[in-house]
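Report on one structure; see the data block that follows.
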Amino acid sequence: MSDQCVRDLAVTPDTGMENDAVQPKDSKVPRTSLPKWQLFLVILVMFAEPVSSTVIYPFINAFVRETGITEGDEKKTGYYAGVIVRHIFPQSIHCSLTCFLFHRNLFFFVGEAVTVVHWGRASDRIGRKPILIMGLVILAASMFSFGLSKGYWLLVVSRFVQGVANGNIGVTKSVMGELTDSTNMARAFGYIPLQWAAGVTIGPLIGGYFARPAERWPALFGRSTLFFLHPYFLPCAIASILTLVLLTVISMGLKETLPAAISRRKQNISRQSSLNESETATLIDSTDSIIYGSMISSPELCASPVEQNLEEESPTIRSLLTPRFNSLLVNYVFLALADQSNQVLLPLVYSTSISFGGLGFDPYTIGVVMGTWGMLNGIVQAIVFAPLVEKFGPRKLYIVSFACMLVVFPAYPLMSFLTKLAGGTVSAAVWTVLIIQLACTSMLYMCYGLIQVYFVDAAPSKSTLGAINGIAQMIASLCRSVSPAVASSLYAISLEDNLLGGSMVFVVLWIITVIGVGMSLRIPMNFVHAK
Numbered sequence: 001m002s003d004q005c006v007r008d009l010a011v012t013p014d015t016g017m018e019n020d021a022v023q024p025k026d027s028k029v030p031r032t033s034l035p036k037w038q039l040f041l042v043i044l045v046m047f048a049e050p051v052s053s054t055v056i057y058p059f060i061n062a063f064v065r066e067t068g069i070t071e072g073d074e075k076k077t078g079y080y081a082g083v084i085v086r087h088i089f090p091q092s093i094h095c096s097l098t099c100f101l102f103h104r105n106l107f108f109f110v111g112e113a114v115t116v117v118h119w120g121r122a123s124d125r126i127g128r129k130p131i132l133i134m135g136l137v138i139l140a141a142s143m144f145s146f147g148l149s150k151g152y153w154l155l156v157v158s159r160f161v162q163g164v165a166n167g168n169i170g171v172t173k174s175v176m177g178e179l180t181d182s183t184n185m186a187r188a189f190g191y192i193p194l195q196w197a198a199g200v201t202i203g204p205l206i207g208g209y210f211a212r213p214a215e216r217w218p219a220l221f222g223r224s225t226l227f228f229l230h231p232y233f234l235p236c237a238i239a240s241i242l243t244l245v246l247l248t249v250i251s252m253g254l255k256e257t258l259p260a261a262i263s264r265r266k267q268n269i270s271r272q273s274s275l276n277e278s279e280t281a282t283l284i285d286s287t288d289s290i291i292y293g294s295m296i297s298s299p300e301l302c303a304s305p306v307e308q309n310l311e312e313e314s315p316t317i318r319s320l321l322t323p324r325f326n327s328l329l330v331n332y333v334f335l336a337l338a339d340q341s342n343q344v345l346l347p348l349v350y351s352t353s354i355s356f357g358g359l360g361f362d363p364y365t366i367g368v369v370m371g372t373w374g375m376l377n378g379i380v381q382a383i384v385f386a387p388l389v390e391k392f393g394p395r396k397l398y399i400v401s402f403a404c405m406l407v408v409f410p411a412y413p414l415m416s417f418l419t420k421l422a423g424g425t426v427s428a429a430v431w432t433v434l435i436i437q438l439a440c441t442s443m444l445y446m447c448y449g450l451i452q453v454y455f456v457d458a459a460p461s462k463s464t465l466g467a468i469n470g471i472a473q474m475i476a477s478l479c480r481s482v483s484p485a486v487a488s489s490l491y492a493i494s495l496e497d498n499l500l501g502g503s504m505v506f507v508v509l510w511i512i513t514v515i516g517v518g519m520s521l522r523i524p525m526n527f528v529h530a531k
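Sequence positions in the sequence shown follow my numbering and run 1 to 531.
This is the structure we're talking about:
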């Protein structure tokens with residue numbers, strides 16, 4: 001098998017039984033230790049994205065108003081801010097449709113969707129590390145640009161460029177796939193939610209604390225024209241500098257993982273060594289050096305079979321769309337739809353007044369609930385993800401985890417009913433349902449790591465991991481661009497027209513989840529590659 005030189009996985013016959021290639025409970029295959037330092041560096045690359053994307057949340061509404069695009073009409077703020085960022089909390093049901101109609105993160109995900117496949121394929125050709133470094137450079141520059149923007153459309157362009165930079169997120173997953181094998185991959189991917197939870201917690205803290213520094217600390221920044229003209233530049237600059245620091249660490253410490261790039265580097269070193277020997281031989285025998293030099297310069301003689309293989313054209317996108325991979329993509333679509341719809345509905349329902357079927361939480365309460373859940377979710381995922389995969393296998397765990405959404409969506413009307421039953425107060429019963437809902441939501445987030453294991457397995461070779469992850473990430477980005485607008489619009493329409501007592505959106509999403517559970521049963525029962 002030609003890929004054996006670049007892949008540490010061997011073909012396993014299809015037995016019809018689930019082949020838990022990620023170290024099942026009764027497996028006697030020794031577990032490979034994780035390359036902790038290299039894995040930590042990859043997670044640092046991922047960490048830069050949530051910090052940079054969420055640092056603007058605390059001040060984006062004010063920033064948009066100050067550009068003048070709303071012409072003094074605060075009702076338009078949600079709409080224009082929704083084009084730029086996510087997690088905007090509408091003040092009423094009537095503005096929620098407008099706020100999310102253009103999608104809260106439209107240009108960010110558009111930028112990601114149109115570039116992610118190209119980033120992945122480029123990384124398959126020139127290597128993972130150069131692409132990751134390039135993405136961090138673009139991300140840092142876009143944050144500086146965002147903070148210095150005075151016009152609304154400059155904000156939009158900067159946000160689009162952030163999405164372009166985030167397009168290399170698929171490359172980081174390719175690196176993780178190449179750093180690990182079937183015995184430790186689950187443990188590695190289990191750390192992804194932890195870095196995300198930390199990033200989305202630290203980002204808003206930076207944005208809220210360092211916005212308007214000339215007003216907050218006049219003695220320190222009061223004389224600076226820069227911070228008067230650009231009151232939101234400092235938090236953006238801090239996020240950008242953090243990215244540059246991470247870039248420096250990555251440049252010095254991260255090793256290349258693409259087998260083809262590693263082979264090219266070894267060949268270049270070998271060739272340079274040969275040239276040095278040739279120069280030494282010149283001092284001894286000029287005639288021999290001419291003959292030797294002509295041999296080195298001859299393409300027919302110096303091009304090895306390995307090097308010729310590295311220069312072959314990359315596989316086409318169509319050739320990668322195998323039935324196995326297509327089945328995984330369909331499941332990824334349902335996963336992204338369910339996740340993003342729920343992310344929109346959580347703040348919407350929590351902030352909507354009790355009379356309209358919500359819980360009437362103020363922004364502070366929502367922030368405490370979501371922040372606490374986010375950190376606990378990340379910590380729990382890092383601790384229990386790998387043991388659960390080892391015990392139950394990735395396929396069973398994926399099906400059960402995704403099926404938890406069958407509890408999440410009905411929990412919304414149930415909490416509304418219990419709140420009204422308690423006379424308009426959020427009782428202990430409501431909080432109990434809310435905790436169960438968030439616990440089930442945490443189960444859903446396991447699906448991302450689980451399906452990533454299957455994506456790595458679906459790659460014909462490690463030299464195609466970039467393209468495979470790029471295609472998957474593109475599909476997810478497109479779903480994230482559409483599903484929040486659809487979910488929030490359905491929510492507004494359900495309440496305004498009292499469809500199914502205001503619960504039509506939850507019924508629709510529950511039906512979609514049922515279909516998604518059915519599709520999860522079609523996930524392959526065996527791995528093509530196992531250690």
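For each residue, glycine too, the CB sits at the ideal point set by N, CA and C.
Can you tell me whether residue i is helix, strand or coil according to DSSP?
i    : result
F228 : helix
W37  : helix
A211 : coil
L328 : helix
Y448 : helix
E525 : At residue 525 the sequence reads Met, which differs from the Glu that was named. If DSSP states are grouped into helix, strand and coil, M525 belongs with coil.
L44  : helix
L580 : Here the chain has residues from 1 to 531 only, and residue 580 is not among them.
A372 : The amino acid at residue 372 is misidentified as Ala; the sequence shows Thr. Looking at T372 - three-state DSSP - the assignment turns out to be helix.
Y57  : coil
D339 : helix
E532 : Any question about residue 532 goes unanswered here, given that the chain covers just 1 to 531.
L255 : Correcting the residue type first, residue 255 is Lys in the shown sequence and not Leu. Reduced to three states, the DSSP call for K255 is coil.
F100 : Below a pLDDT of 50, predicted positions are generally treated as unreliable, and F100, at 38, falls in that range; no measurement from the model is reported.
F233 : helix
T315 : A quick correction: the sequence has Pro, not Thr, at residue 315. If DSSP states are grouped into helix, strand and coil, P315 belongs with coil.
N498 : coil
S489 : helix
S263 : helix
S427 : coil
R480 : helix
T32  : coil
I93  : Confidence in I93 is poor, its pLDDT being 39 and thus under 50, which makes the residue's placement too unreliable to answer from.
G357 : coil
Rank the options by C-alpha distance to the C-alpha of residue i and give the top, closest one.
i    : options                   : result
V400 : K255, V114 and G518       : G518
F394 : V430, L490, D497 and S520 : At residue 394 the sequence reads Pro, which differs from the Phe that was named. Among V430, L490, D497 and S520, the Cα nearest to that of P394 is on S520.
N166 : G147, Y232, K255 and F47  : F47
P213 : F233, L194, F325 and V368 : F233
G68  : L155, S123, F144 and L132 : L155
L495 : G357, F385 and S142       : G357
V507 : I238, P410 and S463       : P410
M143 : R223, W119 and L244       : L244
F334 : V514, V64, N498 and G367  : V514
G360 : A219, G424 and H118       : G424
T550 : T54, I383, W217 and I468  : Summary: the structure shown does not reach residue 550, with the chain confined to residues 1 through 531, and so no result is reported for it.
A198 : V51, V137, G111 and M134  : V51
S351 : S416, I138 and G147       : S416
V505 : F59, V344, I523 and L329  : V344
L320 : A459, G371 and V55        : A459
L328 : G466, A472 and S224       : A472
W510 : P413, M525 and S123       : P413
L397 : G371, M370, V368 and L444 : L444
Grab the span of the alpha helix (DSSP H) containing residue i for me, first residue to last.
i    : result
A113 : L106 to I126
A459 : From DSSP, A459 is part of no alpha helix (DSSP H); its letter is neither H nor E.
T352 : Where T352 is concerned, there is no enclosing alpha helix (DSSP H), given that its DSSP letter is neither H nor E.
G550 : No statement about residue 550 is possible, as the shown extent of the chain runs from 1 to 531 and does not include it.
F361 : It is not in any alpha helix (DSSP H) - F361 carries neither H nor E in the DSSP assignment.
P218 : P218 to F221
Exercise. State whether the segment 375-392 contacts the segment 444-453, with contact taken as three or more CB pairs (one from each stretch) at a distance under 8 Å.
Key: yes
Exercise. Pick out the complete alpha helix (DSSP H) segments inside the segment 383-425, 4 residues or longer, and give them in chain order.
Key: 394-403 and 405-421
Practice problem: May I ask you to verify whether the segment 482-490 touches the segment 179-197, counting CB pairs closer than 8 Å and requiring at least 3? | Solution: no
Quiz item: In chain order, which beta strand (DSSP E) runs of at least 3 residues are fully inside the segment 135-206?
Solution: none
Quiz item: Between the segment 403-414 and the segment 425-440, do at least 3 Cβ pairs fall closer than 8 Å?
Solution: yes
Exercise. Please confirm if the segment 246-266 is in contact with the segment 217-237, defined as three or more CB-CB distances below 8 Å between the two stretches.
Key: no
Quiz prompt | Inter-stretch contact (C-beta, 8 Å, three-pair minimum) for the segment 172-186 and the segment 421-439 | solution = No: fewer than three Cβ pairs fall under 8 Å.
Practice problem: Determine, using beta-carbon pairs with one atom in the segment 31-45 and one in the segment 112-127, whether at least three such pairs fall under 8 Å. | Solution: Flag = no, the segment 31-45 and the segment 112-127 do not touch.
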